[in-house]
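Chemist: Residue numbers (this note's numbering): 1 to 133. Ideal placement from N, C-alpha and C gives every residue a C-beta, glycine not left out. Note that this is a predicted model, so its numbers are computed, not measured.
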Amino acid sequence: MGTTGRRPGAYVCGTDAAMDVIGGKWKVLILWALNERPCRFGELRRELPGVTEKVLASHLREMEADGLVHRAAYDEVPPRVEYSLTARGASLNEALEPLGAWGRANVLGGLGASPAAGQVGEDDDVPLVTGAA
Numbered sequence: 001m002g003t004t005g006r007r008p009g010a011y012v013c014g015t016d017a018a019m020d021v022i023g024g025k026w027k028v029l030i031l032w033a034l035n036e037r038p039c040r041f042g043e044l045r046r047e048l049p050g051v052t053e054k055v056l057a058s059h060l061r062e063m064e065a066d067g068l069v070h071r072a073a074y075d076e077v078p079p080r081v082e083y084s085l086t087a088r089g090a091s092l093n094e095a096l097e098p099l100g101a102w103g104r105a106n107v108l109g110g111l112g113a114s115p116a117a118g119q120v121g122e123d124d125d126v127p128l129v130t131g132a133a
């Protein structure tokens with residue numbers, strides 16, 4: 001396990017290193033989806049509308065290499081592959097919970113009843129925030 005393709009020694013702080021691992025639009029959403037239950041590739045695609053197969057496959061490979069996601073391939077016909085969080089991935093989700101709470105309180109403005117800590121409900125309208133500096 002580890003961050004083999006990362007830039008060791010080039011990080012300024014722990015936050016910089018963590019952001020390198022979860023960087024990109026989809027990785028935190030993949031973590032969120034897998035926090036609910038293990039999923040097959042197609043299930044993840046449906047959970048994350050807008051993600052392309054190429055990007056999802058690439059992110060899952062990176063997250064597996066970083067020790068966040070476990071890929072289980074079953075010897076069945078047709079082949080079945082499930083993705084789940086490792087203990088390291090679950091601990092990252094726990095670390096992201098306060099960030100989610102901050103986003104609900106400061107970006108979403110406490111719209112409606114909030115779901116459990118660190119989660120956005122499936123019926124929540126999340127406004128696009130552009131040009132924030």
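Given a cut-off of 7 Å on the beta-carbon distance, is the pair P38 and S91 in contact?
Modeler: No. Outside cutoff.
Chemist: Distance, Cα to Cα, G24 vs P78?
Modeler: Going by the C-alpha atoms only, they are around 32 Å apart.
Chemist: Can you tell which of T15, G14, V55, I22 has its C-alpha closest to the C-alpha of D66?
Modeler: Nearest of T15, G14, V55, I22 to D66, Cα basis: I22.
Chemist: Tell me which residues share the same chain as R45 and place their Cβ nearer than 8 Å to its Cβ, disregarding the 5 neighbours each side in the sequence.
Modeler: Cβ within range, chain order: V51, E53, L56.
Chemist: Between the alpha carbons of A10 and M19, how many angstroms are there, rounded?
Modeler: The alpha-carbon atoms of A10 and M19 are separated by roughly 13 Å.
Chemist: Alpha carbon to alpha carbon, what distance is there between L29 and L99?
Modeler: In a straight line, the C-alpha of L99 is about 13 Å away from that of L29.
Chemist: Less than 6 Å between C-beta atoms, sequence neighbours within five positions excluded: which residues of the same chain meet that for E157?
Modeler: In this structure the chain extends from 1 to 133, so residue 157 is not present and cannot be described.
Chemist: Are the beta-carbon atoms belonging to W102 and H59 less than 7 Å from one another?
Modeler: Taking 7 Å as the Cβ cut-off, W102 and H59 do not qualify as a contacting pair.
Chemist: To the nearest whole angstrom, what separates the beta carbons of A72 and E62, a pair I think is in contact under 8 Å?
Modeler: Rounded, the Cβ-Cβ distance is 18 Å, inconsistent with contact.
Chemist: Whose CA, out of C13, D16, P49, A95, lies closest to the CA of L68?
Modeler: Among C13, D16, P49, A95, the Cα nearest to that of L68 is on A95.
Chemist: Classify A104: buried if its beta carbon has 16 or more other beta carbons within 10 angstroms, exposed otherwise.
Modeler: Position check: residue 104 holds Arg in this sequence, whereas Ala was assumed. R104 is buried by the Cβ-count criterion.
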